[in-house]
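Undergrad: The structure follows.
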Amino acid sequence: MKSLTFKGGVHPPENKELTSAYAIEEAMPSTKTVVIPITQGGAPNVPCVSVGNSVAKGQIIADGTGAFSVPVHASIAGIVKKIEPHLVTGNTEALCIVIEADGTDRTSYLPPLDPYSCEKAAAIERVRQCGIVGMGGAAFPAHVKLNVPADKTVDCVIANAAECEPYLTIDERSLLEETDKIVDGLAISMHLTGAKRGIIAIEDNKAYAVEHIEKVIAKTGKSDISVQLLKTKYPQGGEKMLVKAVLGREIPSGKLPADAGCVIQNAGTLIAMSDAFRLGKPLVDRALTISGGCCETPKNLRVPLGTLIGDLIPEVIKLKPGVKKIISGGPMMGFSMMNAQFPVQKNTSGVLFLSEKEVSLAAETPCIGCGNCVDVCSCRLTPVMMMRSVKADNLEAAIKYGLLDCNECGTCAYVCPAKVRLVQYFRLGKTKHREIMAKKAADGKKGADK
Ligand code: SF4
Ligand code: SF4
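Under our numbering, the letters of the sequence shown match residues 548 to 997, in that order.
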């Protein structure tokens, strides 16, 4: 099978051998306590429990009313101890519900639902009720993605198991251990979107898994599902790059994959979808990779959502001295964290403990105008000009050079000889842009109310 790809990108050291052979292990936080952010993708939620309430695993504890709202569920049975702000990925604080286990395994799951015989609206609502969002990183509400607008046609669903971020192997393990659920979730997604084709896309560093996946597909008799190999290259798993490589189509600027006739679902999201229909199980836990040169016990884990990474140390995660950086996510797109006391969320695909030799601690120096960043940007943007415009507080120019089309993949920063923190400038520029848009919207509303 020929490996497809896109133009641009880089090939950082993969470091996947640290964990790729380790099967996913179940683990619990040593404190028997979880800290669950009330919003984990979609529109902002509000808590629907109070301190002192007893909750069952799978019970909704926070929800919203908007079309983009996705509920959050208790990931263990126990007592709500606190509702207070806590450190979360991104080094910000978010309102969290703290639950202490009561030693029971009481669950509040939904009854199973046949996605093929129920009304489409009921199936879409099941995906929402079960709190499913994109688990590859973006945390986009899955029910919104699957509810294709009437004016769009989707002919293909792509199961994104490219897993191009170095170190991370959780999609790889899921492909081997939960293949039937990935195929099931993909088939359900095809049914709901009306797509005629399903493609499981994996990088060719996982080519050994193709035979196994194809055998599972053959058992289901689903001839409309196939496997496609992609060249091992970063950021191959980015939506724009994936669609270009697999289908040869471009996602238009500012648009979604549905505007290119497809829907993309992460492998973990497809497993959660299968569980939502077959078991009535909401998204209450997830599998993730724990790795890095300072991790004595690199592994793949499944933990309840809201597990503080620090509460897995040292019983489950043993560290070596000399941790220079803790990253929530992969090294290219993840967030550098101030400490390990942050919770696993629906989109936490991994946590890395990196040594000095694995991280670039070099100070930023002035841009030398080499153009390397422009050469590697697979979105065909002009990173150097975006950065200079943000620094000059000229957001209009930054947007003209592509700021809003940047997926923050970090490829440009990776090749920058001056170590310019390009992605940090892009995040700053986007935040400023969002603030300006929110102010404009608020001013417009005030004017309309007068
Ligand atoms: S400009 Fe954005 S999309 Fe392009 S390489 Fe840099 S981070 Fe990635
Ligand atoms: S790669 Fe770095 S030094 Fe080179 S042009 Fe881009 S920002 Fe400047």
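All C-beta atoms in this analysis are idealised placements derived from N, C-alpha and C, irrespective of residue type, glycine included.
Note that the coordinates shown come from a computational prediction; the quantities given were computed from them, not determined experimentally.
For the alpha helix (DSSP H) containing Val757, list its first residue and its last residue.
TA: First-last of the alpha helix (DSSP H) with Val757: 757–767.
Undergrad: Cα separation between Ala960 and Ser936?
TA: Cα-Cα distance, rounded: 16 Å.
Undergrad: Excluding five sequence neighbours on each side, which residues of the same chain lie with their C-beta closer than 6 Å to the C-beta of Gly785?
TA: For Gly785, where only same-chain residues beyond five positions count, the Cβ hits under 6 Å are Asn954, Cys956.
Undergrad: Mark Lys554 as exposed unless 16 or more other C-beta atoms lie within 10 angstroms of its C-beta, in which case mark it buried.
TA: Per the 10 Å Cβ criterion, exposed.
Undergrad: Given 8 Å as the limit, tell me if Gly976 has its C-beta closer than that to any heavy atom belonging to ligand 1.
TA: Result no, Cβ not under 8 Å from ligand 1.
Undergrad: Which residues share a DSSP beta bridge with Glu955?
TA: For Glu955, which the question treats as bridged, DSSP gives no partner whatsoever.
Undergrad: Terminal residues of the continuous beta strand (DSSP E) containing His633?
TA: 625–635 is the span of the beta strand (DSSP E), which, as asked, contains His633.
Undergrad: Would you report the Cα separation of Lys998 and Lys787, rounded to the nearest angstrom?
TA: The shown model of the chain, from 548 to 997, leaves out residue 998, and the question about it has no answer.
Undergrad: Sorted by chain position, which residues of the same chain lie with C-beta nearer than 7 Å to Ala603's C-beta, five sequence neighbours on each side aside?
TA: Around Ala603: Ala621, Ala624, Arg653, Thr654, Ser655.
Undergrad: Quick test of the definition: if touching needs 3 or more C-beta pairs under 8 Å, does the region 814–830 touch the region 720–733?
TA: Yes: the two stretches touch, three or more of their Cβ pairs being nearer than 8 Å.
Undergrad: Give the secondary structure of Asp649 by DSSP, where H, G and I count as helix, E and B as strand, and everything else as coil.
TA: Residue state, collapsed to three classes: coil.
Undergrad: Let me confirm a value: Leu908 is counted as buried when at least 16 other C-beta atoms fall within 10 Å, else exposed. Which label applies?
TA: Exposed, by the Cβ-count rule.
Undergrad: When DSSP builds the beta bridges, which residues end up paired with Gly897?
TA: Answer is Thr836, bridged to Gly897.
Undergrad: Helix, strand or coil for Arg941, going by three-state DSSP, please let me know.
TA: Residue identity check: residue 941 is Asn in the sequence provided, not Arg. The answer is coil: DSSP assigns Asn941 none of H, G, I, E or B.
Undergrad: Using 8 Å as the Cβ pair cut-off and three pairs as the minimum, do the region 599–613 and the region 552–570 touch?
TA: Because the criterion of three Cβ pairs below 8 Å is not met, the region 599–613 and the region 552–570 do not touch.
Undergrad: On a Cα-Cα basis, can you pick out the residue from Ala807, Arg849, Ile873 that is closest to Val695?
TA: Checking every option, the nearest Cα to that of Val695 belongs to Ala807.
Undergrad: How is His690 classed by DSSP in three states: helix, strand or coil?
TA: Here His690 sits in helix by DSSP.
Undergrad: So Ile1077 is in the alpha helix (DSSP H); what residue range does that whole segment cover?
TA: What the structure shows of the chain is the stretch from 548 to 997, and residue 1077 is not part of that stretch, so it cannot be assessed.
Undergrad: Between Val810 and Leu693, which are expected to be in contact by the criterion C-beta below 8 Å, what is the C-beta distance as a whole number of angstroms?
TA: Contact holds; Cβ gap of about 7 Å.
Undergrad: Are the region 756–764 and the region 868–885 in contact at 8 Å, needing three or more beta carbon pairs?
TA: The region 756–764, when compared against the region 868–885, does not touch it at the 8 Å Cβ threshold.
Undergrad: For Tyr663, count the other beta carbons within 10 Å of its own beta carbon; 16 or more makes it buried, fewer makes it exposed. Which is it?
TA: When all chains shown are included, Tyr663 counts as exposed.
Undergrad: Tell me whether Cys1002 is buried or exposed, calling it buried when 16 or more other Cβ atoms sit within 10 Å of its Cβ.
TA: Residue coverage of the chain in this structure runs from 548 to 997, which leaves residue 1002 outside it and unanswerable.
Undergrad: Which partner residues of Phe882 appear in the DSSP bridge assignment?
TA: BP columns for Phe882 point to Ser875.
Undergrad: CB-CB under 6 Å to Arg675, same chain, minus the five flanking residues each way: which ones, in chain order?
TA: Hits under 6 Å: His690.
Undergrad: How would you write the range of the alpha helix (DSSP H) that Val923 sits in, first residue to last?
TA: That run of the alpha helix (DSSP H) goes 919–923.
Undergrad: How should Arg927 be labelled, buried or exposed, when 16 other C-beta atoms within 10 angstroms of its C-beta is the threshold for buried?
TA: Counting Cβ neighbours within 10 Å, Arg927 comes out exposed, since fewer than 16 surround it.
Undergrad: Return the chain-ordered ranges of every alpha helix (DSSP H) run that is complete within the region 653–682 and spans a minimum of 4 residues.
TA: Counting only runs of 4 or more, we get 667–676.
Undergrad: Taking all protein chains shown into account, do 16 or more other C-beta atoms lie within 10 angstroms of the C-beta of Ile983, making it buried, or fewer, making it exposed?
TA: Counting Cβ neighbours within 10 Å, Ile983 comes out exposed, since fewer than 16 surround it.
Undergrad: Using only the alpha-carbon positions, how far apart do Val507 and Gly605 sit?
TA: Only positions 548 to 997 of the chain appear in this structure, which leaves residue 507 out of reach.
Undergrad: Could you check if Pro658 is buried or exposed, using at least 16 other CB atoms within 10 Å of its CB as the buried criterion?
TA: The residue is exposed, with fewer than 16 neighbouring Cβ atoms inside 10 Å.
Undergrad: Going along the chain, which residues of its own chain have a beta-carbon closer than 7 Å to the beta-carbon of Met885, five neighbours each way excluded?
TA: Cβ neighbours of Met885 beyond the five flanking positions: Asn638.
Undergrad: May I have the straight-line CA-CA distance separating Thr586 from Val619, to the nearest angstrom?
TA: Using only the alpha carbons, I get a separation of about 7 Å.
Undergrad: Measure the C-alpha to C-alpha separation of Thr578 and Val891 and round it to an integer number of angstroms.
TA: Using only the alpha carbons, I get a separation of about 15 Å.
Undergrad: Beta carbon of Leu551, beta carbon of Lys778: below 9 Å?
TA: Going by C-beta atoms, Leu551 is nearer than 9 Å to Lys778.
Undergrad: State the DSSP-derived secondary structure class of Ile818, mapped to helix, strand or coil.
TA: Ile818 falls in the helix class under three-state DSSP.
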